[in-house]
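**Q**
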Amino acid sequence: MTAPAATTRPLRVSVVTPFGSTAGGAEAWLRNALDLGLTAEDGFVVSAVVLAAGPLVQQLRDRGIESAVVPVPAAPAGIAARVPAVARALRRQRPDVVVANGVKAQLVAAGSRAAVRAPLVYVKHDHSFDATLAKPLGAAASAVVATALEVGQPTGRSDLIVIEPPRPPEPLPRDAALAELAGRGLPADDRLTLMMITRLVPYKGVDVAIDALSLPGAAPWRLVVVGGDDAATSSGSAASSRSHPGIPGCHERRRARRRAGEGWKGSAACPSRPPARRTGPAYGSAGPQPG
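Counting in our numbering, the sequence shown runs from 35 upward without gaps.
1. Alpha carbon to alpha carbon, what distance is there between T189 and L183?
2. Nearest-angstrom Cα distance between G172 and F163?
3. Taking the C-alpha atoms as reference points, what is the distance between D400 and P107?
4. Can you tell me whether I244 is buried or exposed? The criterion is at least 16 other CB atoms within 10 Å of its CB, across all chains shown.
5. What does the Cβ neighbour count give for G280, buried or exposed, with the cut at 16 atoms within 10 Å?
6. Please report how far the alpha carbon of L249 lies from the alpha carbon of V50, in whole angstroms.
7. Alpha carbons only, please: which of R46, S48, G54 and L45 is nearest the one belonging to R233?
8. Rank R46, L72 and V104 by C-alpha distance to the C-alpha of R128 and give the top, closest one.
9. Distance check for V91 and R116, CA to CA, integer angstroms please.
10. Going by C-alpha to C-alpha distance, which of W63, Y156, V79 and Q187 sits closest to R43?
11. Taking C-alpha atoms, which residue in A111, Q140 and T73 lies nearest to V84?
12. Helix, strand or coil for I113? Go by DSSP, reduced to three states.
13. At the level of alpha carbons, what is the spacing between W255 and R95?
14. Tell me whether R289 is buried or exposed, calling it buried when 16 or more other Cβ atoms sit within 10 Å of its Cβ.
15. Cα separation between M229 and L220?
16. What span of residues does the beta strand (DSSP E) with I231 cover, start to end?
17. Name the DSSP beta bridge partners of R46, please?
18. Under 9 Å between the Cβ atoms of V155 and A180?
19. With distance defined between alpha-carbon atoms, name the residue in V137, S101, A148 and V260 nearest to P326.
20. Under the assumption that K138 contacts P52 (Cβ atoms under 8 Å), give the Cβ distance between them as a whole number of angstroms.
21. Nearest-angstrom Cα distance between V150 and K238?
22. Could you tell me the distance, in whole angstroms, from the CA atom of R292 to the CA atom of L247?
23. If you follow the beta strand (DSSP E) that K158 is in, where does it begin and where does it stop?
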């Protein structure tokens, strides 16, 4: 990342980021950017507007980053209603540049641009809303940073900047991985296992995995879902949650007459059984939400 010249004052950068959680890919990308380039030593003064409360806020403050929490819901009407509050928070930070970390961040940052009057950088992480929002959100930005070339191409921008996310650590050897899972409450056995590490929200595809493992040929498989609720969408992502007997700290997740194989919330396994034929509202019926 190019730092400002030594003779100029520090460049003030305000980052708008959608989630207060720390486990998502967008948050990992942001931490990597803060570690590798957006530092005081490189001539930047970074502040943040976080669109949901959570541990990320304290992590940012521990880095010396001024961070304002402006809760913004996932629904389009709620996003539009909160644009003035985000604009006020950004104006207080007096940025020279605004960085919007993801779709929802870009929606509110673009809506705030007339009030803030600073160049806007849109960081695009995935293919969410490519058919409807990629081009208008890309056009609203001064520059687009994508996590991969193919991720940025739907914006139609010819001046894409690609900054890849940090690589995950090397996987544990099989025996060590089984021991780690057993220590977190998942009994080791010889069944084939599909594991999904994701926030528990409708658009992450857990329903697709449940459908696949409900097919007759999938009987030898079990599904393990590792993750937690997204505060912005949890009211619509689970109808109820209750403790699973015999497994401390475990929650069995239920959604409108269907159950998700083995849900693993936090660090505990929650055994259940996928149905042969599911009825009721589809897990993904709410559609994707900007994130």
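Heads up, the beta-carbon is just placed ideally off N, CA and C, and yes, glycines get one too. All figures in this text were calculated on a predicted structure; none of them were measured in a lab.
**A** On the basis of the coordinates in this document:
1. 11 Å
2. 12 Å
3. Here the chain has residues from 35 to 325 only, and residue 400 is not among them.
4. buried
5. Because the pLDDT at G280 is just 30, under 50, the model does not fix this residue reliably, and the value given afterwards should be weighed accordingly. Classification of G280: exposed, given that the 10 Å Cβ count is below 16.
6. 42 Å
7. G54
8. R46
9. 19 Å
10. V79
11. Q140
12. helix
13. 43 Å
14. Its pLDDT being 34, under 50, R289 is placed unreliably in this model, and the coordinates cannot settle the point.
15. 12 Å
16. L226 to I231
17. V79
18. no
19. With the chain represented from 35 up to 325, any question about residue 326 goes unanswered, as that position is not in the structure.
20. 4 Å
21. 33 Å
22. Summary for R292: the model assigns pLDDT 35, below 50, so the residue's position carries little reliability; its value from the coordinates is reported in the next sentence. Distance between the alpha carbons of R292 and L247: 13 Å.
23. L154 to K158
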